[in-house]
Amino acid sequence: MCMLDQEPHLLTDRPHLLLLADKGYISAELDDYLHARGADLLRPSLRSRAPDRRCWHRFVN
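One gets my numbering by counting positions in the sequence shown from 1 and adding 39 to each.
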């Protein structure tokens, strides 16, 4: 996250950026941090956790 604070243009130059990640990047803090900067994180859910539906509207519309 520090890199994005040091170089904010990485997010601002790409509005509605969707980042793809693996299951290791499950963190409410990370989700909130990226969402506050206009980006979303798409990753597979853990078996013990319900899927995150916040990004699905991009694929179905």
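Heads up, the beta-carbon is just placed ideally off N, CA and C, and yes, glycines get one too.
CB contact flag (residue i, residue j, <7 Å)
i, j, result
"residue 78", "residue 56", "yes"
"residue 53", "residue 64", "no"
Residue i classed as buried or exposed, judged by whether at least 16 other C-beta atoms fall within 10 angstroms
i, result
"residue 100", "In this predicted model, residue 100 has a pLDDT of only 46, less than 50, meaning its place in the structure is not dependable enough to derive any value."
"residue 49", "exposed"
Residue i in three-state terms, based on DSSP
i, result
"residue 78", "strand"
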